[in-house]
DNA sequence: ATTTTTTTCTCGACAGTCGAGAAATTTAGT
DNA sequence: ACTAAATTTCTCGACTGTCGAGAAAAAAAT
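This is how it looks when you write it as structure tokens:
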């Protein structure tokens, strides 16, 4: 459905554009903004004075003049314009981070998670407590928190912040919006963890390649298997999606997965699955909830020493991943694949299987093997993805609501 | 990447919007356009007088006044504003259609295709001859042909009109752009056939459901297997993609497909594959190039009479389709699936297998079975999809180039 | 003939962008 | 010390676009 455009919309869009280059490059002068947006100097003046009046950006103190001519006046976001809370849910802990509008980390702590499974309600209460705590510690008023950005492994509703399925709570859905609503009036967004990794890598790639960047997939290997895809959108930044890759069907009537279905990719490539086949336990055994990484390291060591069975377990895992990726590539365009997560330490053992699995499909035989790269520091990427995504959401919201309102009353 | 907006862009967008409602609803009066676009009457005046001057739309002769008040003046596209040639390539023929700017069919004929495989170059020559012929028959000058819209089964490059792989020519790529370029200056677009079916169904659905429409997949069953996906875009109409579904991996080291790979979905669910398993021919037999439908009808008749082996062949085909669809759903959101093509006549035999195949994956077990509907008249949908897509491309091109140029010189 | 009703057209107000040039402010040169 | 050059920011008028209100047009009803 096409919708009508108006001159006001033009201003909104261009304001968001100005904020986004400010975010990408840090404090910038009038002229620099004009250059990197393509907007004329006059327009930049109009937009920046508006944003300044609305207390969203500020003129920075002049730095020592370098070169001749009138010294530049740098513009930057006002740090105290608003705040963001990032909540990263992982299998053994929940990390809370308070970030200001300029993207600077102010406070952070982690809380251990009890592994009791009957705890969806209890977990929500713990998150509420964590949010209160980080707010208390920093003496920031609650209204200043503009956004709460949450991530988890698992399947997420694309329109509402509802965790539909997760490795920990299974089908016990968690609706974060309604869970936080009476207490918090901030907007709440929820994303799949690997999606954020993809978003972060995509943003990095776009800085390097510019308009040449087309798309990218991030594959996260760990206790569970996640996938995020990021594509370059037409107008509106990037388009991202987080398929349910770990529980895509690998083989009908195959090994039992912890989700209860048979034959998921995770039932071959998740840590517990590798352990299971390394110990030659029957594939219909109910898998372990949690596997210490040390345990897997031992198996990997044996595999590297040339033991057949553990090597075969990694190879099977690679095959499942390769087949799954080849299926994804049959449904999308050709794109590079970035592998992250704790599982990357076994990439030497997985690689052959992955490549063989990829090679079994028509699309890969035709287009050739996709580029595969291993990227460490998944945690950093997750946080970076949170910031990219959350701050651009905030920018948009602030322009749509904030500028108008303040302008009208001022 | 965000890009800057300008007031001129606003006019462009709104002009396209006006043309698109004119296309959807036929001839409309000033007031009606204003109502259905949301633009003010004054703006409609400005835009329509501009389009009229540029000879893109015209005031229709007044029809008998109904009701009192000033009689309405209907606006409609000028049929002679430009023309479109639709080329539908199927396995046994190529159909050429000449359509005017209002979407009205002016001329049409089909040409048989020789089945000689060594004919990519020869085929291109035949298409050139066909295009010349339809132009000659209708006495329209070549410059008036604004767009040539081509469709084929197979894999298509998403940015250029290049047929990357097709059931008939295999990996003999055909670049229609360069093949037609010296002779024709019209824009050339190429789409996968099932993609156009999805586009047509999506457009129909959007008319019924309006903003509630989210996405839809079309599955085409025949000698080969095709899939098209249509999603509702943010601003810019609909987003469509045509994955390489027929050659997605169904089962590693499975039956030999005519693409040369083993285990493709088509190697189980294509007509030739059903024939192969119904006759219990080994799965690594090089499959027949072409299977008469009558042959398959016989097998279906036997299956319906309760014979085990032919029934099993259809069931296997259904399983491959179901597993493939479940994999697609693991990578996208939940969406209804429309099944088209000559294979729908065997849907009674395929259905159980499809549902079982779908049910083997986590996502379907969680979200429930997707809605499946059988839609006949694939040929009509393909043509409808061509028109939807081609005419909106023309509208955009005309507004971007046409209006500006004529305004400047007039 | 006049009034009512409906549609189309036109005008002035307002929002936005742009180019050009004025104003500001510093460095370099004499 | 003064002037010229350089560079950045700011301002003004022109242009494009949308909108609301009301005038103008045109037919039916009274």
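Chains as they are written, first to last, in full-length UniProt numbering: chain W, 1 to 410; chain D, 1 to 410.
Glycine included, every Cβ here is placed at the ideal spot set by N, Cα and C.
How many angstroms separate the CA atom of residue i from the CA atom of residue j?
{"i": "residue 186 of chain W", "j": "residue 176 of chain W", "result": "12 Å"}
{"i": "residue 332 of chain W", "j": "residue 207 of chain W", "result": "23 Å"}
{"i": "residue 397 of chain W", "j": "residue 103 of chain D", "result": "41 Å"}
{"i": "residue 87 of chain D", "j": "residue 383 of chain W", "result": "50 Å"}
{"i": "residue 36 of chain D", "j": "residue 24 of chain D", "result": "11 Å"}
{"i": "residue 198 of chain D", "j": "residue 226 of chain D", "result": "11 Å"}
{"i": "residue 390 of chain D", "j": "residue 192 of chain D", "result": "13 Å"}
{"i": "residue 7 of chain D", "j": "residue 22 of chain D", "result": "23 Å"}
{"i": "residue 336 of chain W", "j": "residue 309 of chain W", "result": "31 Å"}
{"i": "residue 289 of chain D", "j": "residue 296 of chain D", "result": "14 Å"}
{"i": "residue 99 of chain D", "j": "residue 147 of chain D", "result": "10 Å"}
{"i": "residue 72 of chain W", "j": "residue 27 of chain W", "result": "11 Å"}
{"i": "residue 400 of chain D", "j": "residue 12 of chain D", "result": "7 Å"}
{"i": "residue 239 of chain D", "j": "residue 327 of chain W", "result": "21 Å"}
{"i": "residue 79 of chain D", "j": "residue 393 of chain W", "result": "45 Å"}
{"i": "residue 55 of chain W", "j": "residue 29 of chain W", "result": "17 Å"}
{"i": "residue 279 of chain W", "j": "residue 251 of chain W", "result": "21 Å"}
{"i": "residue 373 of chain W", "j": "residue 205 of chain W", "result": "13 Å"}
{"i": "residue 183 of chain W", "j": "residue 83 of chain W", "result": "16 Å"}
{"i": "residue 46 of chain D", "j": "residue 137 of chain D", "result": "38 Å"}
{"i": "residue 353 of chain W", "j": "residue 347 of chain W", "result": "10 Å"}
{"i": "residue 216 of chain W", "j": "residue 91 of chain D", "result": "35 Å"}
So if DSSP puts residue i in a beta bridge, which residue, or which two residues, is it bridged to?
{"i": "residue 238 of chain W", "result": "W/232"}
{"i": "residue 264 of chain D", "result": "D/249"}
{"i": "residue 226 of chain D", "result": "D/220"}
{"i": "residue 109 of chain D", "result": "D/96"}
{"i": "residue 148 of chain W", "result": "W/85, W/188"}
{"i": "residue 340 of chain D", "result": "D/220"}
{"i": "residue 380 of chain W", "result": "In the DSSP output, where bridge partners are listed per residue, residue 380 of chain W has none listed."}
{"i": "residue 155 of chain W", "result": "W/165"}
{"i": "residue 19 of chain D", "result": "Residue 19 of chain D pairs with nothing; no bridge assigned."}
{"i": "residue 256 of chain W", "result": "W/262"}
Using a Cβ-Cβ distance under 8 Å, would residue i count as near chain W?
{"i": "residue 13 of chain D", "result": "yes"}
{"i": "residue 340 of chain D", "result": "no"}
{"i": "residue 363 of chain D", "result": "yes"}
{"i": "residue 224 of chain D", "result": "no"}
{"i": "residue 245 of chain D", "result": "yes"}
{"i": "residue 384 of chain D", "result": "no"}
{"i": "residue 399 of chain D", "result": "no"}
{"i": "residue 135 of chain D", "result": "no"}
{"i": "residue 10 of chain D", "result": "yes"}
{"i": "residue 369 of chain D", "result": "no"}
{"i": "residue 252 of chain D", "result": "yes"}
{"i": "residue 215 of chain D", "result": "no"}
{"i": "residue 165 of chain D", "result": "yes"}
{"i": "residue 259 of chain D", "result": "yes"}
{"i": "residue 249 of chain D", "result": "yes"}
{"i": "residue 344 of chain D", "result": "no"}
Taking 8 Å as the CB-CB limit, is residue i close to chain D?
{"i": "residue 16 of chain W", "result": "yes"}
{"i": "residue 317 of chain W", "result": "no"}
{"i": "residue 192 of chain W", "result": "no"}
{"i": "residue 360 of chain W", "result": "yes"}
{"i": "residue 4 of chain W", "result": "yes"}
{"i": "residue 349 of chain W", "result": "no"}
**Study point:** Contacting positions in the stretch 262-274 of chain D - beta carbon closer than 8 Å to chain W
**Key:** 262, 263, 264
Review point. Using Cβ-Cβ distances below 7 Å, what residues of the stretch 19-52 of chain W are close to chain D?
Key: 20, 37, 38, 39
Practice item. Any chance you could list the alpha helix (DSSP H) runs of at least 4 consecutive residues sitting entirely within the stretch 161-218 of chain D, in chain order? Key: Annotation note: the stretch 161-218 of chain D contains the following uninterrupted alpha helix (DSSP H) runs of length 4 or greater, listed N- to C-terminal: 176-180, 193-209.
**Study point:** Runs of alpha helix (DSSP H) wholly within the stretch 29-102 of chain W (minimum 4 residues, chain order)
**Key:** Listed in chain order, the alpha helix (DSSP H) elements of length 4 or more contained wholly in the stretch 29-102 of chain W are 30-37, 41-53.
Point to revise | Residues, ordered as in the chain, of the stretch 322-334 of chain D that lie near chain W by beta-carbon distance below 9 Å | key: 323, 324, 326, 327, 328, 329, 330, 331, 332, 333
Point to revise | Residues from the stretch 153-186 of chain D in contact with chain W, defined by Cβ distance under 7 Å | key: 158, 165, 171
Practice item. Could you list the residues in the stretch 283-305 of chain W with a C-beta less than 8 Å from some C-beta on chain D, going in chain order? Key: none
Check your understanding: Which runs of the beta strand (DSSP E) spanning at least 3 residues fall entirely within the stretch 300-349 of chain W, listed in chain order?
Key -> Counting whole runs of 3 or more residues, the stretch 300-349 of chain W contains the beta strand (DSSP E) stretches 337-340.
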